[in-house]
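**Student:** Structure provided below as structure tokens; questions to follow.
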Amino acid sequence: MDKRLDLSITIISHNHGHFLTPCLASLYKYAQGFTFEVLLIDNKSDDQTVEIIKNNFPEVALIENKKRYSFAKNNNIGIKYSKGRYILLLNPDTTFSDNALKKVIEFMDEHEEVGISACKLLNPDGTIQDSCRKFPTPLAILFRGFRLDRWFKNVQFYQNYLMHNFDHNFLKEIDWALGAFLFVRREVIKKVGMMDEKYPLYYEDIDWCFRVKESGWKIYYLPHVSITHHYLRTSAKSFLNKRKIFHLISIGHFYNKHALTMLKNSIWKRNKENVYKK
Numbered sequence: 430m431d432k433r434l435d436l437s438i439t440i441i442s443h444n445h446g447h448f449l450t451p452c453l454a455s456l457y458k459y460a461q462g463f464t465f466e467v468l469l470i471d472n473k474s475d476d477q478t479v480e481i482i483k484n485n486f487p488e489v490a491l492i493e494n495k496k497r498y499s500f501a502k503n504n505n506i507g508i509k510y511s512k513g514r515y516i517l518l519l520n521p522d523t524t525f526s527d528n529a530l531k532k533v534i535e536f537m538d539e540h541e542e543v544g545i546s547a548c549k550l551l552n553p554d555g556t557i558q559d560s561c562r563k564f565p566t567p568l569a570i571l572f573r574g575f576r577l578d579r580w581f582k583n584v585q586f587y588q589n590y591l592m593h594n595f596d597h598n599f600l601k602e603i604d605w606a607l608g609a610f611l612f613v614r615r616e617v618i619k620k621v622g623m624m625d626e627k628y629p630l631y632y633e634d635i636d637w638c639f640r641v642k643e644s645g646w647k648i649y650y651l652p653h654v655s656i657t658h659h660y661l662r663t664s665a666k667s668f669l670n671k672r673k674i675f676h677l678i679s680i681g682h683f684y685n686k687h688a689l690t691m692l693k694n695s696i697w698k699r700n701k702e703n704v705y706k707k
């Protein structure tokens with residue numbers, strides 16, 4: 430019998446102390462029927478993150494960075510110290526309303542071909558977030574970067590990229606999902622490696638999912654698993670702020686790594702509806 434922990438949950442916080450109490454309180458309230466650990470990587474916060482963890486959640490393994498690191502490097506730190514059969518990369522701005530994690534463990538245990546699972550992300554008002562995507566084409570990135578979607582909302586190639594017609598009530602194989610909730614099989618990491626730390630901001634999750642699928646694993650969206658995500662997009666508030674520049678650097682790095690593979694495999698032309706059937 431495998432005596433390892435079932436799940437390691439890694440959470441990165443940089444001045445997210447106000448989110449941590451509801452996130453962790455709901456997690457510990459509903460997480461039952463499996464063994465797990467929580468690793469909190471504090472990315473040199475200026476708020477009360479460390480005090481909140483030490484005073485209110487002493488069972489959390491706290492890792493305090495001496496300087497700020499990228500999203501990819503912080504996740505890799507958590508993965509390095511994790512012990513579970515599965516690893517969940519979880520945003521601090523999330524909350525649970527049921528035993529969602531046990532549902533994912535059961536699904537992953539039953540479907541060994543699945544390397545990563547994503548769940549349904551809900552807004553605080555209960556509406557569904559568009560969290561699943563196809564791998565980005567250069568045209569879709571330009572369209573989004575210049576905010577042309579404000580005037581041409583129904584362009585088909587862009588709708589396909591965003592998967593706006595995706596029915597969130599059905600189990601579905603996907604290309605990638607937002608990094609707010611990525612449930613990863615440890616064997617996947619052994620095969621494809623950890624996140625690429627050359628991404629300064631964004632695209633590290635897309636890159637990871639791309640490598641996972643190229644290695645033969647499947648990525649699935651699970652409609653029966655949901656959490657609330659208090660999502661706030663920050664990079665698009667001005668045309669060329671620091672975050673936007675980092676975003677552009679990450680886009681360039683992604684295509685430099687994967688453009689030839691995407692062309693070879695006709696990924697840019699693919700628009701399949703691969704619904705999982707038992």
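Residues 430 to 707, numbered by the numbering used here, are exactly what the sequence shown covers, in order.
For every residue, glycine included, the Cβ atom is placed at its ideal position computed from N, Cα and C.
Please read all numbers here as calculations on a predicted model, not as lab measurements.
#1: So, helix, strand or coil for residue 684, using DSSP?
#2: Within the same chain, show all residues whose beta-carbon is closer than 6 Å to that of residue 607, passing over the 5 residues directly before and after it, in chain order.
#3: How many angstroms separate the CA atom of residue 602 from the CA atom of residue 500?
#4: Quickly, what does DSSP pair residue 547 with across the bridge? List them, please.
#5: Can you give me the C-alpha to C-alpha distance between residue 521 and residue 583, rounded to a whole angstrom?
#6: Please report the distance separating the alpha-carbon of residue 569 from that of residue 589.
#7: Which residue spans inside the segment 566 to 627 form an unbroken alpha helix (DSSP H) run of at least 4?
#8: Leaving out the 5 sequence neighbours to the left and right, which residues in its chain are closer than 8 Å to residue 622 when beta-carbon positions are compared?
#9: What residues in its chain sit with their C-beta under 6 Å from that of residue 650, if we drop five residues either side in the sequence?
#10: Would you decide whether residue 542 is buried or exposed? Buried here means 16 or more other CB atoms lie within 10 Å of its CB.
#11: Exposed or buried, what is residue 653 when buried is set at 16 or more other beta-carbons lying within 10 Å of its beta-carbon?
#12: Comparing alpha-carbon positions, which option in 627, 648 and 644 lies nearest residue 681?
#13: Run through DSSP, which three-state label would residue 501 get?
#14: What is the rounded straight-line gap between the Cα of residue 509 and the Cα of residue 438?
#15: When you compare only the Cα positions, how much space is there between residue 552 and residue 660?
#16: Helix, strand or coil: how does DSSP classify residue 538 here?
#17: Ends of the beta strand (DSSP E) at residue 493?
#18: Excluding sequence positions up to five away, which residues of its chain have a Cβ less than 8 Å from the Cβ of residue 558?
#19: Quick test of the definition: if touching needs 3 or more C-beta pairs under 8 Å, does the segment 436 to 451 touch the segment 467 to 476?
#20: Note down the Cα distance separating residue 554 from residue 656, rounded to an integer number of angstroms.
#21: Sort 594, 461, 612 and 513 by Cα distance to residue 563 and report the nearest one.
#22: How about residue 765 and residue 646: are their beta carbons less than 7 Å apart?
#23: Mapping the DSSP letters down to three states, classify residue 630 as helix, strand or coil.
#24: Using only the alpha-carbon positions, how far apart do residue 620 and residue 643 sit?
#25: Any heavy atom of the ligand PLP closer than 6 Å to the CB of residue 531?
#26: Do residue 527 and residue 587 come within 7 Å of each other at the CB atom, strictly closer than that value?
**Tutor:** Per the coordinate set shown:
#1: As a first step, residue 684 must be located in the sequence shown, where it is residue number 255. Reduced to three states, the DSSP call for residue 684 is helix.
#2: Locating residue 607 in the sequence shown gives position 178, counting from the first residue. The residues are 560.
#3: As a working mapping, residue 602 is identified with position 173 in the sequence shown. As a working mapping, residue 500 is identified with position 71 in the sequence shown. Rounded to the nearest angstrom, the two C-alpha atoms are 25 Å apart.
#4: Position 118 of the sequence shown holds residue 547. Partner(s): 650.
#5: Taking the first residue of the sequence shown as 1, we reach residue 521 at position 92. Taking the first residue of the sequence shown as 1, we reach residue 583 at position 154. Cα to Cα, residue 521 sits roughly 33 Å from residue 583.
#6: Within the sequence shown, residue 569 is the residue found at index 140, counting from 1. Within the sequence shown, residue 589 is the residue found at index 160, counting from 1. Answer to the nearest angstrom: the Cα atoms are 9 Å apart.
#7: 567 to 574, 585 to 591 and 615 to 621
#8: Taking the sequence shown and counting its residues from 1, one reaches residue 622 at position 193. Same-chain partners within the cutoff: 640.
#9: Here residue 650 corresponds to residue number 221 of the sequence shown, with the count starting at 1. These residues qualify, in order along the chain: 547, 561, 601 and 603.
#10: By one-based count along the sequence shown, residue 542 stands at place 113. Exposed.
#11: On the sequence shown, position 224 is the one that residue 653 refers to. Classification of residue 653: exposed, given that the 10 Å Cβ count is below 16.
#12: Reading the sequence shown from its first residue, position 252 is the one you call residue 681. Answer by Cα proximity: 627.
#13: Translated into the one-based positions of the sequence shown, residue 501 becomes position 72. It is helical.
#14: As a position in the sequence shown, residue 509 is number 80, starting the count at 1. As a position in the sequence shown, residue 438 is number 9, starting the count at 1. In a straight line, the C-alpha of residue 509 is about 12 Å away from that of residue 438.
#15: Numbered from its first residue, the sequence shown carries residue 552 at position 123. Numbered from its first residue, the sequence shown carries residue 660 at position 231. Their Cα atoms are separated by approximately 7 Å.
#16: By one-based count along the sequence shown, residue 538 stands at place 109. Helix, per DSSP.
#17: Taking the sequence shown and counting its residues from 1, one reaches residue 493 at position 64. Start and end: 490 to 493.
#18: In the sequence shown, residue 558 corresponds to position 129, counting from 1. Contacts found: 550, 551, 552, 607, 658 and 660.
#19: yes
#20: In the sequence shown, the residue the question calls residue 554 occupies position 125. In the sequence shown, the residue the question calls residue 656 occupies position 227. The alpha-carbon atoms of residue 554 and residue 656 are separated by roughly 12 Å.
#21: By one-based count along the sequence shown, residue 563 stands at place 134. The shortest C-alpha separation from residue 563 is found at 594.
#22: With the chain covering 430 to 707 only, the question about residue 765 has no answer from this structure.
#23: Translated into the one-based positions of the sequence shown, residue 630 becomes position 201. In this structure, residue 630 counts as coil in the three-state DSSP scheme.
#24: For the purposes of this step, residue 620 is identified with residue 191 of the sequence shown, where counting begins at 1. For the purposes of this step, residue 643 is identified with residue 214 of the sequence shown, where counting begins at 1. Cα to Cα, the separation comes out at about 11 Å.
#25: Questions concerning the ligand PLP fall outside what the structure shown contains, since it holds no ligand whatsoever.
#26: Here residue 587 refers to the residue found at position 158 when the sequence shown is read from its first residue. Here residue 527 refers to the residue found at position 98 when the sequence shown is read from its first residue. No, the Cβ-Cβ distance between residue 587 and residue 527 is not below 7 Å.
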